[in-house]
Structures are given as C-alpha cells and as structure tokens.
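S.K.: Dumping the structure here so I can ask a few things about it.
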Amino acid sequence: QASSFYQNKHVLVTAGPTQEIVDPVRFFTNHSSGKMGYALAQMAESLGAKVTLVSGPTDLSQPPGVNVLPVQSAEDMYNTVLEHFDEADIVIKAAAVADYRPKQQYNHKMKKKEGSLVIEMERTRDILQALGEKKKEQYLVGFAAETNQAIEYGKDKLTRKNLDAIVINDVSQEGTGFSGDTNEVTFLSKRGIEKSLPLSSKTQIAQQVLTLIETDIKGGKS
Ligand code: PMT
149 QASSFYQNKH VLVTAGPTQE IVDPVRFFTN HSSGKMGYAL AQMAESLGAK
199 VTLVSGPTDL SQPPGVNVLP VQSAEDMYNT VLEHFDEADI VIKAAAVADY
249 RPKQQYNHKM KKKEGSLVIE MERTRDILQA LGEKKKEQYL VGFAAETNQA
299 IEYGKDKLTR KNLDAIVIND VSQEGTGFSG DTNEVTFLSK RGIEKSLPLS
349 SKTQIAQQVL TLIETDIKGG KS
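Heads up: the sequence shown at position 145 corresponds to 293 in this note's numbering, and the numbers run straight through without jumps.
Take a look at the structure:
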C-alpha cells in the first residue's frame, strides 16, 4: 500500500561527480555516473515528493518532474546546495564530490614542458559538514564510499558530520558503488537502524533507502 509520507516533503538530492578545472581542456574528476542519485530523485518524485536534484556532469537524462540544477565543481555544488537547503525536508548526498582541486586554474591550455609536472591541490569545502552544522529540522543523509573498514568509517562520518543517516557502499565489492547499475549498501541511522541491503538495482536500493528514511523519521525500528 502506497504511503503518503513523501507527498508533502521536499527532497534535495545530489548526484554525480564534480569536475575540478586545471585549464580550458583538462579537469580532475571521478567515476561517479550519477545513477544512484538519479534513482533516488526519480523514486522520491514517484512517491509524491517535490524533488530538487543538484547534479554534477552526467550522461543521464533528466528525470521527469524533477527540478534539475546542473553544477560542475565542488564549489558550485556547495553554493547551489546551500542556497536550497532551507526549503528541503530531507537531503540525500549521493554525489561524489572532489576533496581536492587544483590550487591554480589556468586561462590558457598548459603547454608541455621538459621534466615532470607538479599540480598543487587544495581542499574543497565539505558540503555535508556545512549542512550538518547548519541543519535545523532537516533529515540529513550522507553516502560513504569506502574500500576498507567500510562500516567503521561510515559510523565515524555519521557522528562527526552530524548526520541522521548514512548509506555506506563498500566500493571494493563487485557490482557496488561507482558507474554500474547495481549497488549493495548498509543503511545506518543515528536513531539506531542498521540494515544491509543486498546487491540489487540502484532503483531498488533507492526505494529501500527512501523506505528506511520514512521508517526512521516516523520513529520506528527496522
Ligand atoms: O554515481 P554512481 O556511479 O551511481 O555511483 C554512486 C556513488 C558510489 C557515487 C554513491 O553511491 C556514493 O557513495 N556517493 C558518495 C561518494 C563519496 O564521495 O563518498 P565520500 O566518502 O568521499 O564522501 C562522503 C559524503 O560526503 C558524501 O555524501 C559526499 O557527497 C559528501 N562530501 C564529500 C566531499 C565534499 N567536499 N563535500 C561533501 O559533501
């Protein structure tokens, strides 16, 4: 039976990679395709939520009924997410945001020179951290992509960043995390839900994550 829980909710989702520019033809990025975040946005929309999707560059088509706000860099994503944070009830950060960007951006294509090249990188701002500090009524969900000690690192992020829940992918496992159509995750909430969701399509994972969020907000255990 369909629940009406999401019908009066505004869900803000982030998806995809960021691109950190070096010069007009080069950037640093990662393997995020955006599929996990788009699946969450589409599912939340089909459950009746008003959905804003802040998306890094992807090849995916816009999910119908979703307000898509395209961004390129971690800094763009930071600004766009913070601009829309106050109007959101639930925020889900499935994007793979760069932790570092080139300290200097060149206006012209860098020329090849003798010897090796050093590009100095500086830290980007942590969006999730900023939201954790700023949040009032919002239910804040982070993602964690880890290759080892996934649950421990995930638990640490949950408390350190003041999140309500975290979805942990162990990206060292076959069929999980970046790029593919499937994922396998563990959902952990501050209130005490700990649930592993076995390997399935990102659409099914999205549906289960949204159900767990609903259960957690309603105060139930799963
Ligand atoms: O896009 P797909 O190909 O479908 O792949 C899905 C995914 C693997 C990218 C997704 O499921 C996922 O795990 N996203 C988070 C990946 C990540 O960057 O994890 P992290 O452990 O580095 O970051 C933890 C959290 O902090 C994330 O919610 C991230 O959005 C957030 N973050 C990170 C850095 C930063 N500067 N600001 C942030 O808000």
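Built from N, CA and C at the ideal position, the CB exists for glycine as well.
1. Would you mind sorting D168 into buried or exposed? The rule is 16 or more other CB atoms within 10 Å of its CB.
2. So, does the stretch 276-285 touch the stretch 314-325, judging by three or more C-beta pairs under 8 Å?
3. Rounding to the nearest angstrom, what Cα-Cα distance links A292 and A242 in this structure?
4. Looking at L195: is its Cβ nearer than 8 Å to the Cβ of G185?
5. Shortest alpha-carbon distance to K259 belongs to which of F153, T363, V173, Q355?
6. Starting from the C-beta of F175, find all residues in its chain whose C-beta is less than 8 Å away, skip the five residues before and the five after it, and write them out in chain order.
7. As a quick exercise: from V266, L345, G325, D318, pick the residue whose alpha carbon is nearest that of K251.
8. Taking 7 Å as the cut-off, is the C-beta of S180 nearer than that to any heavy atom in the ligand PMT?
9. Enumerated in chain order, which unbroken segments of the beta strand (DSSP E) with a length of 3 residues or greater are wholly contained in the stretch 176-219?
M.R.: Let me lay it out:
1. It should be pointed out that residue 168 corresponds to Glu in this sequence rather than to Asp. By the neighbour-count criterion, in which a residue is buried when 16 or more other Cβ atoms sit within 10 angstroms of its Cβ, E168 is buried.
2. no
3. 8 Å
4. no
5. V173
6. Q167, E168, I169
7. Out of V266, L345, G325, D318, V266 has the C-alpha closest to the C-alpha of K251.
8. yes
9. 198-203, 215-218
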